[in-house]
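In this note's numbering, the protein residues as written are 2 to 365. This report refers to the structure that appears directly beneath it.
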């Protein structure tokens, strides 16, 4: 019996984002035509360039487009009565375009200076005679397109960067929990995975951390200046510091070899390390369910909470290390095989989880 090859499902021809953009562009064109404004094409053009994937990205692009339109309009208004009467038109346009790049860079415009260049070119070549009336109409057309884009991305199949960041954060907590739980299982079996798989697991975690960091640019624009926005900003700072330390602990655990279990004290230390990794994984799983709300569990005692398990694991690890130090043979084996570093890494992992939980609780 022959198996048919698996074929990938082709992507859809039209997505919700495409449909949202088409409807918003048509709505902007119809609104501008009904208002009797000249050049209604600039409304759909603004929608096409501003309507990004998230509300934060759309806000950033919309502000940049308005700033670029104002910058280009000012350069045309100043340039036509001055350079227009002195130098040829191609030279005047070239100087104005150079000014858009210069002033756009000084103002921090990344895409707005392109809009400014378009306003300069069209204003000089087509609307030079009616520049005083054309510029306000162009500003109104662009503003209507930008506002409709913001409303569409916020309320019509909304796509918010803050929500995406929450999902990425929870997925990262789950991924780290799975990674530490896998290390605990491998230690319990006395096995390990090959170097290529270790690199792949590390790279996957790093890619997720990088995606979360890239999302912050758009998510920050959605934060309000109220207490909730301030709280989220502080939590994001704490989270990025936590992820940096977690990936460091995980990379250390990946590099350490398996230690021979030739004495009861070494076996007890191994059990304590497994308990520590499992407790950290359980704590990360708990954070994935409650982030970014308060981390403290409701309705259970401290002994049953993830933080209580972390404290118990840290105490057990301390006792196991003390027993190893009293065993000269076990101490010698740890020094030769660098096995003591794994216990230190587990201890640091527990301290990191305790620090983050306390810092999270302290954020009002």
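All residues carry an ideal CB built from backbone N, CA and C; glycine is no exception.
Inset, instruction - Grab the span of the alpha helix (DSSP H) containing residue 262 for me, first residue to last. - result: Taken as a continuous stretch (DSSP letters only), residue 262 belongs to no alpha helix (DSSP H), as it is neither H nor E.
Legend entry - First and last residue of the uninterrupted alpha helix (DSSP H) at residue 322: 307 to 326
Legend entry - Counted within 10 angstroms of its Cβ, other Cβ atoms place residue 66 as buried (16 or more) or exposed: buried
Legend entry - Closest by C-alpha distance to residue 281, when choosing among 119, 182, 58 and 124: 182
Legend entry - Span of the alpha helix (DSSP H) around residue 91: 90 to 107
Legend entry - Whole-number beta carbon distance between residue 153 and residue 21, since they are thought to touch under 8 Å: 6 Å
Inset, instruction - To the nearest angstrom, report how far apart residue 268 and residue 218 are at their CA atoms. - result: A direct Cα-Cα distance of roughly 48 Å separates residue 268 from residue 218.
Inset, instruction - Pick out whichever of 283, 76 and 141 has its Cα sitting closest to the Cα of residue 42. - result: 141
Inset, instruction - Rounded to whole angstroms, what's the CA-CA distance from residue 321 to residue 352? Just pull it up for me. - result: 17 Å
Inset, instruction - Give the single residue among 263, 240, 307 and 193 whose Cα lies nearest to the Cα of residue 257. - result: 193
Inset, instruction - Measure how close the beta-carbons of residue 207 and residue 275 come, nearest whole angstrom, since I'm counting them as under 8 Å. - result: Actually they are not in contact, since the Cβ atoms of residue 207 and residue 275 sit about 25 Å apart, beyond 8 Å.
Inset, instruction - Can you tell me which of the three DSSP states residue 80 falls into? - result: helix
Legend entry - Straight-line gap, residue 345 to residue 272 (C-alpha atoms, nearest Å): 14 Å
Inset, instruction - Classify residue 129 as helix, strand or coil using the three-state DSSP reduction. - result: coil
Inset, instruction - With a floor of 3 residues, list each beta strand (DSSP E) that falls wholly inside the region 163 to 207, ordered by position along the chain. - result: None, since the region 163 to 207 contains no complete beta strand (DSSP E) of that length.
Legend entry - Straight-line Cα distance separating residue 83 from residue 1: The chain is shown from 2 up to 365; residue 1 falls before or after that span and cannot be answered.
Inset, instruction - Please determine, among 121, 28 and 106, the residue with the shortest C-alpha to C-alpha distance to residue 71. - result: The shortest C-alpha separation from residue 71 is found at 121.
Legend entry - 8 Å Cβ cutoff met for residue 110 and residue 184: no
Legend entry - Where residue 61 falls, given that 16 or more other Cβ within 10 Å makes a residue buried: buried
Inset, instruction - Quick one: residues in its chain with C-beta nearer than 6 Å to the C-beta of residue 239, no 5 flanking neighbours on either side, listed in chain order? - result: Once the five neighbours on either side are set aside, the close Cβ partners of residue 239 are 360.
Legend entry - Buried versus exposed, by CB contacts within 10 Å (16 or more), residue 245: Under this definition residue 245 is an exposed residue.
Legend entry - Three-state class that DSSP yields for residue 288 in the structure shown: helix
Legend entry - Residue from 237, 232, 231 and 159 with nearest C-alpha to residue 215: 237
Legend entry - Nearest candidate by alpha-carbon position, reference residue 221, set 313, 149 and 56: 56
Legend entry - Between the CA atoms of residue 79 and residue 123 - distance to the nearest angstrom: Residue 123 and residue 79: Cα-Cα distance of roughly 15 Å.
Legend entry - C-beta contact flag for residue 33 and residue 49 at 8 Å: Contact: no.
Inset, instruction - State the DSSP-derived secondary structure class of residue 298, mapped to helix, strand or coil. - result: Bear in mind that a pLDDT of 49 at residue 298, under 50, signals an unreliable position, so the number given afterwards is only what the model happens to contain. It is coil, neither helix nor strand.
Legend entry - As assigned by DSSP and simplified to three states, the class of residue 247: helix
Inset, instruction - Take residue 28 and list the residues in its own chain whose beta-carbon comes closer than 7 Å to its own, dropping the five residues that flank it on each side. - result: 149
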